[in-house]
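Protein chains: 2
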Amino acid sequence: MKVGVIGLGSMGLGAAVSAVRAGLDVMGIDLNPEARSRFSDAGGQSSNQLTDLCGADVVMVFVVNAQQASDVLQPVLIESLAPDACVVNCVTLAPNKASALADRVEKYGRLYLDAPVSGGAVRAMQGEMSVMAAGVPAAFERAQPVLDAVAGKVFELGDRPGPGSRMKTVNQLLAGVHIAAAAEAMALAAQMDMDMHQVLDVIKDCAGTSWMFENRGPHIAEGDYRPRSMVDIFVKDLGIVSEATDCLDSLPMTTTALELFSKASAQGMGKMDDSAVALLLARRAGCQLPGDPEGQS
Amino acid sequence: MKVGVIGLGSMGLGAAVSAVRAGLDVMGIDLNPEARSRFSDAGGQSSNQLTDLCGADVVMVFVVNAQQASDVLQPVLIESLAPDACVVNCVTLAPNKASALADRVEKYGRLYLDAPVSGGAVRAMQGEMSVMAAGVPAAFERAQPVLDAVAGKVFELGDRPGPGSRMKTVNQLLAGVHIAAAAEAMALAAQMDMDMHQVLDVIKDCAGTSWMFENRGPHIAEGDYRPRSMVDIFVKDLGIVSEATDCLDSLPMTTTALELFSKASAQGMGKMDDSAVALLLARRAGCQLPGDPEGQS
């Protein structure tokens, strides 16, 4: 089985490496030579040309946003795939955009799965990501060997595109708000002169814990803001959440978190790790967190 | 060893029952006859008179707020305890108030632990709560048999009162924001016509999960707002969080969540389960959640 992975960021790289490990024939596509060489180092073949996906049976898409997904899923690409190929779209996008891309892929006779993922880079690299998928049974069947290789759990949410993206929208609401909460909690702990590593150790055993607190908290305690996932990703994703309802009044937490990520981005932190919003909150209180590049001023 | 437990709410009852199970001689104090009979049904002795704590070796305090803690910890009570007794104050209160109560207890020659707890009613009932404790070594030593009975983990955070309450403040920031986030996520899922039980099932395996999402989410999916912990508790606790810094700008998520709990309380939902803020958010969007008492109008 010939597999393509478009986009070798943290989740795409994890999926591509997991597919190689499962013995599949994988071609990874990325415009960024560093991303390609990370995949090559892990034993994969890579290219910057979508034409190298010619004849692929399954193509997973891990680009950044709906626009990029639309750009790569052009008719010329779709028609170059195997006649019964399945496109597995793992991009976080608004539910209505998932439907539009599905229509395009199906128009050219290929199968489509609306299949956003979650679980973080570590689980992705272990082939244990969670996949929130929807599509026709034939699409699940075609993609099965790849899903088996990359996913710890595949939730089958329906037979038309949309439910996968809706579930991812709910997940991103929680994820974004929880990152902002973790940042705020750690910034408050610093204001109260607490030992930040002790805070991590205690809270993970208490009712205040979250997946994001346990994952991003250590970045803040260590002052390590190298981007595992960037501030700008949540500017985008909480924007998608905000568009999922006509009633923004029903999303006060999302709105506040989006404002925080947006302000951080406007202050030049867009390409930093999303936990860097803690720096912005601590600075407001005149408190310096570890690793603050504006420190000692 | 004679143990007193003042306040038989969800956490206090769990602690009292766990202490009985460990073979300790426990007297539970509560003004509410229903709370007392729940403890009697579980094999405990109870009373509505603080004088029944005369001669106690360890007294755990589980009342609702700092004012009640100050009211019960009067000199007359403190002096009635065993000469080397330890007061274990498990109430969530501002760090500076923990110090004031410690000073009072120590003035009358007894030991004091600043010991807020977390982990929820289920773990409390199993004797597995987490305790964030600070106090002199003699206080830890005196309270040890009781802590062993009620706690899964005891974090020893310092030898003066304050660090326990500071840690609890950080925990409540996260807990309150996560309840609001869970409510907002479930209300959005309902707006998108999603199956709410499926949302719970999928998200718990994704990066959007939190202790509170997994604990409170089912209340919302089932429309069951009987108070396991009330909206008004988080009006109080997020108030304590807000007072922990002079810079409210560093607490945007807390501020938004506090506003939400306060509005719910103002609309008559103060005694409902804290997850009932989901009803308020869904109503704003004209969407009816299961179990909404204002439904079908």
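If you read the protein sequences in the order shown, they are chains S and Z.
The numbering used here puts the first residue of the first sequence at 3, with every later residue one more than the last.
The numbering used here puts the first residue of the second sequence at 3, with every later residue one more than the last.
Ideal Cβ placement from N, Cα and C applies to all residues, glycine included.
Query raised in the report: At least one CB of chain S closer than 8 angstroms to the CB of GLY241(Z): is that the case?
Result: Walking along the second sequence from the start, residue 241(Z) turns up at place 239. Not closer than 8 angstroms to any Cβ of chain S, the Cβ of GLY241(Z) fails to qualify, so no.
Query raised in the report: Can you find a C-beta in chain Z that's less than 8 angstroms from the C-beta of GLN174(S)?
Result: Position 172 of the first sequence, counted from the first residue, corresponds to residue 174(S). Residue contact with chain Z for GLN174(S): present (Cβ-Cβ distance below 8 angstroms to some residue of chain Z).
Requested in this report: Decide if HIS199(S) is buried, meaning its Cβ has at least 16 other Cβ atoms within 10 Å, or exposed.
Outcome: Start at 1 with the first residue of the first sequence, and residue 199(S) comes out as number 197. Exposed is the call here.
Requested in this report: Report the neighbours of ASP251(Z) on chain S: residues whose CB is nearer than 7 angstroms to its CB, in chain order.
Outcome: To locate residue 251(Z), count along the second sequence from 1; it is residue 249. The contacting residues are ARG286.
Report task. Consider the Cβ of ILE205(S): report whether some Cβ of chain Z lies at a distance smaller than 8 angstroms. Result -> As a position in the first sequence, residue 205(S) is number 203, starting the count at 1. At a cut-off of 8 angstroms between C-beta atoms, ILE205(S) counts as an interface residue with respect to chain Z.
Requested in this report: Check each residue of the stretch 143 to 159 of chain S: if its Cβ is closer than 9 angstroms to any Cβ of chain Z, include it; give the result in chain order.
Outcome: Against chain Z - using a Cβ distance shorter than 9 angstroms - the residues of the stretch 143 to 159 of chain S are GLY154, LYS155, PHE157 and LEU159.
Report task. Determine the chain Z residues that contact LEU283(S) at a beta-carbon separation under 7 angstroms, and present them in chain order. Result -> As a working note, residue 283(S) is residue 281 in the first sequence. In chain order: SER252.
Query raised in the report: Going by the beta-carbon positions, is the gap between ILE1(S) and VAL74(S) smaller than 8 angstroms?
Result: The displayed coordinates of chain S run from 3 to 299. Any statement about residue 1(S) would go beyond what the structure contains.
Query raised in the report: With respect to the alpha helix (DSSP H) encompassing LYS206(Z), which residues constitute its N-terminal and C-terminal limits?
Result: The residue you call residue 206(Z) lines up with position 204 of the second sequence. According to the DSSP assignment, LYS206(Z) belongs to no alpha helix (DSSP H), since it is labelled neither H nor E.
Query - Backbone secondary structure at MET232(S) - three-state DSSP - result: Working through the first sequence from its first residue, we reach residue 232(S) at position 230. Three-state DSSP puts MET232(S) in a strand.
Query raised in the report: Is DSSP giving VAL63(S) helix, strand or coil here?
Result: Walking along the first sequence from the start, residue 63(S) turns up at place 61. Residue state, collapsed to three classes: strand.
Report task. Kindly indicate which three-state DSSP category GLN298(S) falls into: helix, strand or coil? Result -> As a first step, residue 298(S) is located in the first sequence; it is residue number 296 there, counting from the start. Because GLN298(S) sits at a pLDDT of 48, beneath the cut-off of 50, its placement in the model cannot be relied upon, and the following sentence gives the value as read from the coordinates. The answer is coil: DSSP assigns GLN298(S) none of H, G, I, E or B.
Query raised in the report: Can you find at least 3 beta carbon pairs, one from the stretch 238 to 247 of chain S and one from the stretch 233 to 243 of chain Z, that sit closer than 8 angstroms?
Result: Judged by Cβ distances under 8 angstroms, the stretch 238 to 247 of chain S makes no contact with the stretch 233 to 243 of chain Z, as fewer than three pairs qualify.
Report task. Below 8 angstroms between beta carbons is the criterion; list the residues of the stretch 104 to 131 of chain Z that meet it against any residue of chain S, in chain order. Result -> Under the 8 angstroms Cβ criterion, the stretch 104 to 131 of chain Z contributes SER120, GLY121 and GLY122.
**Report entry** Range covered by the beta strand (DSSP E) that runs through VAL172(Z)
**Finding:** Numbered from 1 along the second sequence, position 170 holds the residue referred to as residue 172(Z). Going by DSSP, VAL172(Z) is part of no beta strand (DSSP E) but of the alpha helix (DSSP H) stretching over 165 to 193.
Requested in this report: May I ask which residues mark the beginning and end of the alpha helix (DSSP H) holding ASP43(Z)?
Outcome: On the second sequence, residue 43(Z) is found 41 positions in, with the first residue counted as 1. 35 to 43 is the extent of the alpha helix (DSSP H) around ASP43(Z).
Query raised in the report: Under the three-state reduction of DSSP, which class applies to GLU261(Z): helix, strand or coil?
Result: In the second sequence, counting from the first residue as 1, residue 261(Z) sits at position 259. Here GLU261(Z) sits in helix by DSSP.
Requested in this report: Could you pull the start and end residues of the alpha helix (DSSP H) that ASP27(S) belongs to?
Outcome: Position 25 of the first sequence, counting from 1, holds the residue named residue 27(S). Looking at the DSSP string, ASP27(S) is not in any alpha helix (DSSP H); the run it does join, the beta strand (DSSP E), is 27 to 31.
Requested in this report: Could you tell me if the beta carbon of MET214(Z) falls within a distance shorter than 7 angstroms of some heavy atom in the ligand ATP?
Outcome: The ligand ATP is absent from the structure shown, which contains no ligands of any kind.
**Report entry** Selected residue, minimal CA-CA separation from GLY164(Z), among ASP116(Z), ALA151(Z) and THR94(Z)
**Finding:** Taking the first residue of the second sequence as 1, we reach residue 164(Z) at position 162. Considering only alpha carbons, the answer is ASP116(Z).
Query raised in the report: Quick one: Cα of VAL133(Z) to Cα of SER101(Z), how far?
Result: Start at 1 with the first residue of the second sequence, and residue 133(Z) comes out as number 131. Start at 1 with the first residue of the second sequence, and residue 101(Z) comes out as number 99. CA-to-CA, the gap between VAL133(Z) and SER101(Z) works out to about 17 angstroms.
Query raised in the report: Is the stretch 153 to 167 of chain S touching the stretch 248 to 262 of chain S, taking contact as three or more C-beta pairs under 8 angstroms?
Result: No: the two stretches stay apart, fewer than three of their Cβ pairs being nearer than 8 angstroms.
Query - CA nearest to the CA of SER20(S), picked from ALA280(S), GLN193(S), LEU175(S) and ALA123(S) - result: Sequence index remark: in the first sequence, residue 20(S) carries index 18 (1-based). Residue ALA123(S) is the option with its Cα nearest to SER20(S).
Query raised in the report: How would you call ALA140(S), buried or exposed, if buried means at least 16 neighbouring beta carbons within 10 angstroms?
Result: On the first sequence, position 138 is the one that residue 140(S) refers to. By the 10 Å Cβ count, ALA140(S) comes out exposed.
Report task. Find the nearest neighbour of GLU130(S) within the set GLY111(S), PHE142(S) and PHE157(S), judged by alpha-carbon distance. Result -> Here residue 130(S) is taken as the residue at index 128 of the first sequence, counted from 1. Answer by Cα proximity: PHE157(S).
Requested in this report: Can you grab the Cα-Cα spacing for the pair ASP203(S) / ARG106(S), in whole Å?
Outcome: The count along the first sequence starts at 1 and reaches residue 203(S) at position 201. The count along the first sequence starts at 1 and reaches residue 106(S) at position 104. Straight through space, the alpha carbons of ARG106(S) and ASP203(S) are spaced by roughly 49 angstroms.
Query - Short CB-CB distance (under 8 angstroms) between SER299(Z) and chain S - result: As a working mapping, residue 299(Z) is identified with position 297 in the second sequence. Any reading at SER299(Z) needs caution, since the residue's pLDDT is 42, under 50, leaving its predicted position unreliable; the model's value is listed next. No, no contact with chain S.
**Report entry** Environment of LEU33(Z) [buried if 16+ CB atoms lie within 10 Å]
**Finding:** Taking the first residue of the second sequence as 1, we reach residue 33(Z) at position 31. With fewer than 16 other Cβ atoms from the protein chains shown falling within 10 Å of its own Cβ, LEU33(Z) counts as exposed.
Query raised in the report: If the cut is a Cβ gap below 8 angstroms, which residues of chain Z does ARG40(S) touch?
Result: Within the first sequence, residue 40(S) is the residue found at index 38, counting from 1. When 8 angstroms is used as the limit between beta carbons, ARG40(S) is near no residue of chain Z, the shortest such separation being about 22 angstroms.
**Report entry** Through-space distance from LEU281(Z) to GLY154(Z), alpha-carbon basis
**Finding:** In the second sequence, the residue the question calls residue 154(Z) occupies position 152. In the second sequence, the residue the question calls residue 281(Z) occupies position 279. Roughly 34 angstroms between the two C-alpha positions.
Query - Assumed close pair GLY225(S), ASP294(S) - CB separation to whole angstroms, cut-off 8 angstroms - result: Here residue 225(S) refers to the residue found at position 223 when the first sequence is read from its first residue. Here residue 294(S) refers to the residue found at position 292 when the first sequence is read from its first residue. GLY225(S) to ASP294(S), Cβ: 7 angstroms. Contact.
Query - Against chain S: residues of the stretch 192 to 203 of chain Z by CB proximity under 8 angstroms - result: Here the close residues are GLN193, MET194, MET196, GLN200, VAL201 and ASP203.
Query raised in the report: Considering only the beta carbon of each residue, do GLY272(S) and MET232(S) sit closer than 8 angstroms?
Result: Against the first sequence, residue 272(S) aligns to sequence position 270. Against the first sequence, residue 232(S) aligns to sequence position 230. Contact flag set, yes.
Query raised in the report: Going by the CB atoms, is the gap between SER12(Z) and GLY30(Z) shorter than 8 angstroms?
Result: Within the second sequence, numbered from 1, the residue matching residue 30(Z) stands at position 28. Within the second sequence, numbered from 1, the residue matching residue 12(Z) stands at position 10. No, the Cβ-Cβ distance between GLY30(Z) and SER12(Z) is not below 8 angstroms.
Query raised in the report: Any idea what DSSP makes of VAL90(Z), helix, strand or coil?
Result: Start at 1 with the first residue of the second sequence, and residue 90(Z) comes out as number 88. DSSP places VAL90(Z) in strand when its eight states are reduced to three.
Requested in this report: Round the Cβ separation of VAL89(S) and VAL61(S) to the nearest angstrom and send it over; I've been treating them as touching at under 8 angstroms.
Outcome: In the first sequence, the residue the question calls residue 89(S) occupies position 87. In the first sequence, the residue the question calls residue 61(S) occupies position 59. Contact flag correct, Cβ pair sits at about 5 angstroms.
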